[in-house]
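Going left to right, the sequence shown walks through residues 83 to 261 as the working numbering numbers them.
For glycine and all other residues, C-beta sits at the position ideal for the given N, C-alpha and C.
Owing to the predicted nature of the structure, the values given are computational and were not obtained by experimental measurement.
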Amino acid sequence: MDAEPPETDTESDTHTDTESAVVRLFVGHAPSPVWFRGVRDWDEMGFDSDLTADLRRWDADWYASRDRGDPRRSADEPEIEHRRRGLALARRIADALGWPFVVQVDAVESPVGADGASRREVVRAEQGPTQPGASARFRAWAKDGEAEDARVRAALAEGGGRWVAYAPLSGRTFRPGRR
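This is the structure:
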């Protein structure tokens with residue numbers, strides 16, 4: 083059973099948009115394995131040195147375990163052990179950040195569903211943040227992201243706005259519905 087969110091006494095702590103509070107933990111795609119509304123650099127997250135060192139080690143071990151000829155294949159460390167370590171780190175991140183954050187990580191058992199899609203586990207903190215400085219940084223990113231989302235929704239609601247795609251190498255702009 084999920085714990086109730088802690089009581090809050092400030093407006094900034096009344097975050098209710100669970101989707102924007104999802105921190106993703108995965109390796110192989112960015113300089114750090116932590117993703118929250120974008121790639122997060124090691125130094126900007128504000129985690130304590132122990133958690134940061136363990137995240138760095140987990141990330142480095144994954145890269146070291148890849149077969150250089152085919153990076154999708156594991157050479158040394160069994161995948162299930164790496165996923166177990168990832169789940170333990172996800173729990174530590176969730177505890178560090180506290181409510182309303184949840185951490186999503188690859189499932190340990192049966193990481194691929196019958197439909198071929200990757201399965202994830204979601205970890206929630208059972209109490210307030212154990213690392214308030216890191217939590218404050220992530221809350222600020224969440225607030226900035228929610229403000230940006232609101233600006234986009236407002237612009238779309240006004241009507242007349244159009245989505246475009248820009249190709250920087252060619253300098254061309256593409257508009258949907260035009261050839």
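Where does residue i land, buried or exposed, given buried means 16+ other C-beta within 10 angstroms?
| i | result |
| --- | --- |
| residue 182 | buried |
| residue 122 | buried |
| residue 238 | exposed |
| residue 245 | exposed |
| residue 258 | exposed |
| residue 141 | buried |
| residue 255 | exposed |
| residue 272 | Lying before the first or after the last residue shown, residue 272 is absent from the chain, which here runs from 83 to 261. |
Roughly how many angstroms lie between the CA atoms of residue i and residue j, to the nearest whole one?
| i | j | result |
| --- | --- | --- |
| residue 209 | residue 180 | 6 Å |
| residue 200 | residue 188 | 7 Å |
| residue 104 | residue 171 | 15 Å |
| residue 165 | residue 240 | 45 Å |
| residue 229 | residue 106 | 20 Å |
| residue 118 | residue 126 | 12 Å |
| residue 138 | residue 114 | 8 Å |
| residue 205 | residue 198 | 22 Å |
| residue 195 | residue 124 | 31 Å |
| residue 176 | residue 214 | 12 Å |
| residue 110 | residue 186 | 15 Å |
| residue 160 | residue 233 | 45 Å |
| residue 184 | residue 248 | 34 Å |
| residue 136 | residue 203 | 20 Å |
| residue 145 | residue 235 | 39 Å |
| residue 143 | residue 129 | 20 Å |
| residue 231 | residue 221 | 15 Å |
| residue 162 | residue 216 | 29 Å |
| residue 212 | residue 131 | 13 Å |
What is the residue span of the beta strand (DSSP E) that residue i lies within?
| i | result |
| --- | --- |
| residue 234 | Element bounds for residue 234: not the beta strand (DSSP E) but the alpha helix (DSSP H), 214–240. |
| residue 107 | 104–107 |
| residue 186 | 184–188 |
Please report the residue range of the alpha helix (DSSP H) in which residue i lies.
| i | result |
| --- | --- |
| residue 141 | 131–146 |
With DSSP as the reference, label residue i as helix, strand or coil.
| i | result |
| --- | --- |
| residue 177 | helix |
| residue 203 | strand |
| residue 172 | helix |
| residue 246 | coil |
| residue 254 | strand |
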